[in-house]
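Heads up: the sequence shown begins at 53 in this note's numbering, then just goes up one per residue. Here a beta-carbon is modelled for each residue, glycine too, at the ideal position from N, C-alpha and C. Here the structure comes first, spelled out in structure tokens, and everything after it is commentary.
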Amino acid sequence: MFSNLDLQHLQTFLVVAEEMNFGRAAERLHIAQPPLSRQIQRLEKNLGVELFNRSKPQIQLTSAGKVFVREATKILKQVDLGVQLTQRASRGEIGKLAIAFEGSSLSDLVPRSIQSFRQQFPEVEILIQEMPTKQQIQALLEERIDLGFIVPQQQLDNLMSEIILEESLVVAIAKDHPLASQEKIEIGQLQQESFLVGFNDGSCGLDRTVIQVCQQAGFEPKLMSVTNEMQLILGFISTGMGVALLPNSIRNIQRKGVVYLPLQSSTVTSSLAIAWREDTPCSTLDNFLNIVRTKK
């Protein structure tokens, strides 16, 4: 029964029901009256009910016709809403976006990008979580997140990535440390210090940067994995437990008992990249990527 109905049948019926006159309805629909009458008759045959009472000079809706007006109106409104939502989804204006970021990323690029996206696409639900790079890569492959702000990797199978930020490095050191009064610091001066890092496997995160910088200076650093929470790392530094090599944006966080010294004679930078699945076309994701690129 329903396979013989289409939206045009419903629209035609509603025009006749509004006009209560086949002639006026035909004029609105830009068709002749006889074909219109036949369309309504076919609709009634498909439904197995009479929609109009034609026994009087002016047609009237039957009880079944009144119900069908209500239900046909609901159907057309729902279809129209479905079309609008589908088109908005194709433009990335609605939906969900799951984003992860590295805890060691202290740049305001991440929050600025997210806030700008919220303002432009307020009906997209954004899910945000902190996650180390290695876990982000796995979460991307398992489709648990849509985009990650990661430490750049040499090879990412089935993922796309793009470096969006490069920062110079600074040394976070206790204020009462003998070297804290210097304007700049050579990494070689920290050869006997413990470098505080997060819990990573050495293939990603700040520990990799520390190793690279120290090896360039001719020594292997003493790494001490303490926490992935940056505020706690700074707290440990303030007690003299060790030092940390951090992106310049750490200066955005002022911690009592800690000073930041520019690193001298090193070309190594701290980089931040975005990564996403290469085989997942998504307008919502594309919109977010475009915003991130404008915030670089």
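Taking residue 285 as the centre and dropping the five residues before and after it, the same chain places the C-beta of 248, 278, 279, 296 closer than 7 Å to its C-beta, in chain order. Taking all protein chains shown into account, residue 159 has 16 or more neighbouring C-beta atoms within 10 Å of its C-beta and is therefore buried. Take the alpha-carbon of residue 232 and the one of residue 223: they are about 10 Å apart. Between residue 250 and residue 242, the CB-CB gap reaches or exceeds 8 Å.
Under the three-state reduction of DSSP, residue 90 is assigned to helix. DSSP, reduced to helix, strand and coil, places residue 147 within a strand of the structure shown. Of the residues 308, 310, 62, 134, the one whose Cα lies closest to the Cα of residue 117 is 62. The alpha helix (DSSP H) runs lying completely inside the segment 85-143 and spanning 4 residues or more are 85-99, 115-142, given in chain order. The closest CA to that of residue 200, considering only 238, 188, 164, 209, is found on 188. The beta-carbon distance between residue 348 and residue 216, rounded to whole angstroms, is 5 Å. This is short enough to meet the 8 Å contact definition. According to the DSSP assignment, residue 310 belongs to the beta strand (DSSP E) that extends over 310-316. Just measuring C-alpha positions, the residue of 177, 176, 212 sitting nearest residue 193 is 212. Rounded to whole angstroms, residue 64 and residue 109 show a C-alpha spacing of 21 Å. For residue 287, the enclosing alpha helix (DSSP H) covers residues 282-290.
Assignment of residue 181 by DSSP, reduced to helix, strand and coil, places it in the strand class. Taking the Cα of residue 70 as reference, the smallest distance to any Cα among 264, 121, 320, 274 is reached at 121.
Between the alpha carbons of residue 236 and residue 324 lies a distance of about 24 Å. Taking C-beta separations shorter than 7 Å and ignoring five residues to either side along the sequence, the partners of residue 275 in its chain run 247, 249, 259, 262, following chain order. Here DSSP, grouped into helix, strand and coil, assigns residue 227 to coil.
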